[in-house]
Amino acid sequence: MHTRLLHNDPQGLATAAAMLRAGGLVAFGTETVYGLGADAGNDTAVAAIYTAKGRPGHNPLISHFASADAAFEQVEATPLARRLAERFWPGPLTMVLPRTARCGISAVATAGLPTAAVRVPAGQTTQALLAACGFPVVAPSANPSGRVSPSDAQHVLAGLDGRIDAVLDCGPCRVGVESTIIDLSRDVPVLLRPGGITLEALEAACGVMLALPAGSNDARPTAPGQLSSHYAPGLPVRLDAHSVAPDEALLAFGPPLPGSALVWNLSATGDLHEAAARLFAGLRFLDMEGHRRGLVGIAVQPVPGHGLGRAIRDRLIRAACPRP
16 MHTRLLHNDP QGLATAAAML RAGGLVAFGT ETVYGLGADA GNDTAVAAIY TAKGRPGHNP
76 LISHFASADA AFEQVEATPL ARRLAERFWP GPLTMVLPRT ARCGISAVAT AGLPTAAVRV
136 PAGQTTQALL AACGFPVVAP SANPSGRVSP SDAQHVLAGL DGRIDAVLDC GPCRVGVEST
196 IIDLSRDVPV LLRPGGITLE ALEAACGVML ALPAGSNDAR PTAPGQLSSH YAPGLPVRLD
256 AHSVAPDEAL LAFGPPLPGS ALVWNLSATG DLHEAAARLF AGLRFLDMEG HRRGLVGIAV
316 QPVPGHGLGR AIRDRLIRAA CPRP
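According to the numbering used here, the residues represented by the sequence shown are 16 to 339, in order.
See the structure below:
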């Protein structure tokens, strides 16, 4: 199967929506990363995402909507959920809530759980595509499972060309790391995955401190991004490096360490927003070019753990975890 590259214009949007309506797989850019889209209510289409990505079937997916009202037809909206939707949607926040009795999201997408993960993404093209579809669209990152997430259309083609129907080229992603996921199905809100909305901003909006998960849940994840090994390049990743060997590539943050001839700087000025937007592209570049030069690993300079740094560090820790 040949994967079509669709332009970001009215014809490309209409073609992408028609493909999704027909049960096809179409990757498209959001403000976070590129997602691999399918009709969330179509069991066969959703199952095809797991096959194309090589994704474990017990790892649930996020459903994307054009509006909060559409999302809250599928899940039970608590007062806190509505408050967070008003504050952060459209945007990089995913909420896990109990499914309603009329929920049409496939049980394949929710991995059989009584909850569903929902989001209203930002971006004119994404919003137009979801509105044209008129149904929820599941869209995990458009890459082979466990590998580095894609932040532009060419990244998608590098990993999934021939496995999916099309890619809607929406340009580079603005945020660059996946959405924050908060579980609102329990008595106390739980931060399941740090992402594009910071913990500090969420706690301010919630008016309470969020509980944090005990750790990775490889056996029974309740939301995406909880597997211990994830977002991984081919070269091994070494975290919090204060020196770099000549046979290592360097993922720098701030002034780069001396000693490596291959450097990708997330942000020379230490800007966490710039670093998040450049993270996945940097890991991909260092992995590909490092392999070409015969390097043996990627050293990563320390990144602070506050604000967006929490999401960046989460992705790097999972990238460095040995694969099962």
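From the three backbone atoms N, C-alpha and C, an ideal C-beta is built for every residue, glycine too.
The C-beta separation of residue 126 from residue 75 comes to about 4 Å, placing the pair in contact by the 8 Å criterion. The DSSP-derived three-state label of residue 133 is strand. According to the DSSP secondary-structure assignment, residue 313 is paired through a beta bridge with 252, 264.
Secondary structure note for residue 37: it is in no alpha helix (DSSP H), with a DSSP letter that is neither H nor E. A Cβ-Cβ contact shorter than 8 Å links residue 269 with residue 285.
The DSSP assignment places 278-280 as complete runs of the beta strand (DSSP E) inside the stretch 269-303, in order along the chain (cut-off: 3 residues). Fewer than three Cβ pairs drawn from the stretch 217-228 and the stretch 278-292 lie within less than 8 Å of each other, which leaves the two stretches out of contact. The residue among 312, 332, 313 with its C-alpha nearest the C-alpha of residue 320 is 332. Contact annotation: the stretch 74-91 touches the stretch 138-148, with at least three C-beta pairs closer than 8 Å. Looking from the CA of residue 190, the closest CA among 116, 32, 175, 106 belongs to 106. In the structure shown, the three-state DSSP call for residue 208 is strand. With distances taken between CA atoms, residue 38 lies nearest to 153 out of 153, 246, 46, 303. Within the same chain, and ignoring the five residues on either side of residue 177 in sequence, the residues whose Cβ sits closer than 8 Å to its Cβ are 16, 17, 18. Proximity to residue 167 across 23, 271, 280 peaks at 23, based on C-alpha coordinates. The count of Cβ pairs closer than 8 Å, one atom from the stretch 106-118 and one from the stretch 129-142, reaches three, so the stretches are in contact. When DSSP assignments are scanned along the stretch 71-114, the uninterrupted stretches of alpha helix (DSSP H) that are 4 or more residues long and fall wholly within it turn out to be 83-86, 94-103.
The C-alpha of residue 78 is placed about 25 Å away from the C-alpha of residue 328. Inter-residue distance for residue 250 and residue 304 is about 10 Å (C-alpha atoms, whole angstroms).
In this structure, the straight-line span from the alpha carbon of residue 257 to that of residue 119 is close to 51 Å. Taking C-beta separations shorter than 6 Å and ignoring five residues to either side along the sequence, the partners of residue 324 in its chain run 287, 318, following chain order.
Remark: C-beta atoms of residue 262 and residue 311 approach each other more closely than 8 Å. Residue range 324-335 is occupied by the alpha helix (DSSP H) that includes residue 330. Taking the CA atoms as reference points, residue 108 sits about 23 Å from residue 247.
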